[in-house]
Amino acid sequence: MLEWLVVLCIVILVAVIWPASKYFGTQGEPYALLQRLGISRRQTKERVSERCVSDREVPVDCANAQTSDVEGGNKVPAVALICKPSALANYLLKHCRTFSNFTACTGWTWRASAFLQTVYGACWPYKSRVHFVRDYLQLSDDGLVALDWAVSVAGASYQKRRRTSSNSTSPILLIIPNSFGKITRNVLKLCEVALSHGYLPVVFNRRSHNATPLSTVKLQQFGDPGDLREAVRYVRYRQPVSRLYAVSESTGSGLLLSYLGECGSSSYVTAAACLSPVFRCQSWFENGPIWPLHWALVTYQRICLSRYRTVLGETVHTDTLFSSCSLRGLEEVLFCQPPGPKGALALAAGTSSSSGGAWEAYWERNEPLRDVDEVAIPVLSVCAQDDPIRGDPQSTLPLELFESNPHFFLLLTTRGGHCGFNTQEGSAFSGGVNGGGTPGTSWSHQALLEFFRATTDFIAAEERAKQAARRRGLGGSSQGKVFRHRSVSTCKRLPACSHNIHTIYNWQRSYTR
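If you count the sequence shown from 1, you need to add 74 to reach this note's numbering.
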């Protein structure tokens, strides 16, 4: 508790000392941020307008939906969807009204501060109306991870029913918190919104995170999806007929992207979303966020690890671990040093060359985008240009990935901080099944739920069109027989998926340009 009081004092001090324009912004800040991305005013409008035209040339007024004034009436969009043109992209722009309805807070209010939004979301307590029912999952190496199933306060009877029945068709929302194990306001509010929309939220807790017992001396590496893979299999076993969606927060996106890349079309996930993800993780660990947030993250991680100081002493040099003052230093001691006395001697000798080689090898195995070409489902990333955790958007956002890969969509706002995305008070945005937003719902949560709904509807519509075409006998019966024979012979080695995901996602070849 004392450490968090110190953090709060430093946050207040920094907020007072730093120039007000740095945090609270001026009317010209959105344009300045777009200039840093290399996008001029005219180019921005043309690109957004071009992306808002469907196959039938029906324009969706995204460029002028929500804008910020710049220099005497000129306007730039407050939110833009960056993606490769495709049938799915046009469908999303047409049916996800939240994508074009973002009004960032401006003026002298703390909600306009990217830094204060971030600190508020990470540290401020939140009295949630959701209770969690925990399942411990023993892994193949005897390690433990925890799955927290979110239930409403009024759903006490649901707990017993959930443990005895696996016939529920409600979609499951798998939530992956940040890599430090902190359950933030953002995660709790997302569970509330998901429950109100008919989802079954479940939070994945890594080894030793969020009071999960550490039954082995092995911790989960940053981008190692092995534990998550076993957890997903367990969820599919418990709810075999439910669709599975995945959401990650902050640095937890590294684990989700690694899992989607390694598993490809066998991930069992229908669609995924990343809230304020960190993409270039090696560079982020080496450079870190701005110093107050960097210090807070390091301090929080050391506090969490201190609980296991004795057992960790069997494999790592704990004196070096708890004296580290950087995220890279902690990660290197935990995962990049030989275990036992040999690792301690290497640290004492200061062999930076061998340490550097181990560091590079570590990120070859754990970089989230290492297998990005294998991702086979739609993935939405919601980011803000003023994110103080991720850093400068020009160097931290892989725009070329979203402009070339039809599976990735970037929803980029001018303001929003890290997992904040506070909007003007009283502003209305569409959401829910019937288009009505839930009061108090975060704009980013509403956007990702609309993305899941629209993606599912698009796939279902394409499947219905295919079935109708088959009934009309298009393509000829002989060609159909040959195609079916080839599909069986060439795909028989691929893992079997309960929802036939190989057929569902054929739009990536047929409906992209």
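Every residue, glycine too, gets a C-beta built ideally from N, C-alpha and C.
Because the structure is a prediction, the values reported are computed rather than measured.
Quick one: using the 10 Å Cβ neighbour count with 16 as the cut-off for buried, is residue i buried or exposed?
{"i": "P251", "result": "buried"}
{"i": "P151", "result": "buried"}
{"i": "Q468", "result": "exposed"}
{"i": "E474", "result": "exposed"}
{"i": "K201", "result": "exposed"}
{"i": "Q541", "result": "exposed"}
{"i": "C179", "result": "buried"}
{"i": "D447", "result": "exposed"}
{"i": "S322", "result": "buried"}
{"i": "A347", "result": "buried"}
{"i": "G509", "result": "Unreliable placement is indicated for G509, whose pLDDT of 38 sits below 50; the coordinate value is still reported in the next sentence. It is exposed - the Cβ of G509 has fewer than 16 other Cβ atoms within 10 Å."}
{"i": "V315", "result": "exposed"}
{"i": "S341", "result": "buried"}
{"i": "Q212", "result": "exposed"}
{"i": "R464", "result": "buried"}
{"i": "R545", "result": "exposed"}
{"i": "E438", "result": "exposed"}
{"i": "G297", "result": "buried"}
{"i": "E388", "result": "exposed"}
{"i": "S397", "result": "exposed"}
{"i": "C399", "result": "exposed"}
{"i": "V407", "result": "buried"}
{"i": "R489", "result": "buried"}
{"i": "A285", "result": "exposed"}
{"i": "S324", "result": "buried"}
{"i": "I377", "result": "exposed"}
{"i": "A543", "result": "exposed"}
So residue i packs on residue j, CB below 8 Å; how close in whole Å?
{"i": "P351", "j": "S327", "result": "3 Å"}
{"i": "F359", "j": "P472", "result": "F359 to P472, Cβ: 17 Å. No contact."}
{"i": "K256", "j": "A196", "result": "7 Å"}
{"i": "T177", "j": "T497", "result": "5 Å"}
{"i": "F254", "j": "Y436", "result": "Wrong, their Cβ atoms sit about 18 Å apart, outside the cutoff."}
{"i": "L486", "j": "V204", "result": "Not quite, the Cβ-Cβ distance comes to about 30 Å (not below 8 Å), so this is no contact."}
{"i": "L274", "j": "R281", "result": "Actually they do not touch by this definition, with Cβ atoms about 24 Å apart."}
{"i": "F526", "j": "A345", "result": "5 Å"}
{"i": "Q626", "j": "V390", "result": "The first residue shown for the chain is 75 and the last is 587, placing residue 626 beyond what the model contains."}
{"i": "L379", "j": "L367", "result": "Actually they do not touch by this definition, with Cβ atoms about 19 Å apart."}
Is the beta carbon of residue i sitting closer than 7 Å to the one on residue j?
{"i": "V456", "j": "F482", "result": "no"}
{"i": "V277", "j": "D216", "result": "no"}
{"i": "D460", "j": "H492", "result": "no"}
{"i": "T172", "j": "E524", "result": "yes"}
{"i": "N175", "j": "Q295", "result": "no"}
{"i": "C265", "j": "A224", "result": "yes"}
{"i": "E226", "j": "L269", "result": "Correcting the residue identity first, residue 226 is Ser in this sequence and not Glu. Against a cut-off of 7 Å, the Cβ pair of L269 and S226 comes out as a contact."}
{"i": "D445", "j": "E537", "result": "no"}
{"i": "A528", "j": "H169", "result": "yes"}
{"i": "C157", "j": "F476", "result": "yes"}
Between the C-alpha atoms of residue i and residue j, what's the straight-line distance to the nearest angstrom?
{"i": "D393", "j": "V291", "result": "17 Å"}
{"i": "F532", "j": "Q313", "result": "23 Å"}
{"i": "I364", "j": "V267", "result": "31 Å"}
{"i": "D466", "j": "A186", "result": "18 Å"}
{"i": "E434", "j": "L443", "result": "15 Å"}
{"i": "V207", "j": "Y311", "result": "17 Å"}
{"i": "E304", "j": "L247", "result": "16 Å"}
{"i": "T258", "j": "L329", "result": "18 Å"}
{"i": "L190", "j": "L318", "result": "34 Å"}
{"i": "G547", "j": "N279", "result": "50 Å"}
{"i": "L334", "j": "V449", "result": "5 Å"}
{"i": "R383", "j": "P159", "result": "51 Å"}
{"i": "W369", "j": "A432", "result": "24 Å"}
{"i": "W517", "j": "T243", "result": "27 Å"}
{"i": "W198", "j": "A163", "result": "36 Å"}
{"i": "L293", "j": "L484", "result": "31 Å"}
{"i": "L155", "j": "L166", "result": "10 Å"}
{"i": "V306", "j": "G362", "result": "31 Å"}
{"i": "Y97", "j": "L371", "result": "Below a pLDDT of 50, predicted positions are generally treated as unreliable, and Y97, at 40, falls in that range; no measurement from the model is reported."}
{"i": "A535", "j": "N241", "result": "25 Å"}
{"i": "T530", "j": "A539", "result": "14 Å"}
{"i": "V343", "j": "V309", "result": "11 Å"}
{"i": "P480", "j": "T470", "result": "20 Å"}
{"i": "G181", "j": "D301", "result": "45 Å"}
{"i": "G430", "j": "L401", "result": "15 Å"}
Does any residue of chain B have a CB that is nearer than 7 Å to the CB of residue i?
{"i": "A220", "result": "Reference to chain B is not applicable here, since this structure consists of a single protein chain."}
Open item on the list: I'd like the ranges of any alpha helix (DSSP H) spanning at least 4 consecutive residues and lying wholly in the region 353-438.
Closed with: You should have 355-361, 365-380, 383-386, 392-397, 401-409 and 415-423.
- [ ] For the region 307-333, list the beta strand (DSSP E) runs that are entirely contained and at least 3 residues long, ordered along the chain.
- [x] Taken in chain order, the whole beta strand (DSSP E) runs of length 3 or more contained in the region 307-333 are 318-323.
Task: Within the region 138-214, ranges of the alpha helix (DSSP H) (whole runs, at least 4 residues) - done: The DSSP assignment places 161-169 and 188-197 as complete runs of the alpha helix (DSSP H) inside the region 138-214, in order along the chain (cut-off: 4 residues).
Open item on the list: I'd like the ranges of any alpha helix (DSSP H) spanning at least 4 consecutive residues and lying wholly in the region 235-283.
Closed with: Fully contained in the region 235-283 are the following alpha helix (DSSP H) runs of length 4 or more, in chain order: 259-270.
TODO: Please list the segments of the alpha helix (DSSP H) lying wholly inside the region 428-488, counting only runs of 4 or more residues, in order along the chain.
DONE: Listed in chain order, the complete alpha helix (DSSP H) runs (minimum 4 residues) inside the region 428-488 are 467-470 and 473-478.
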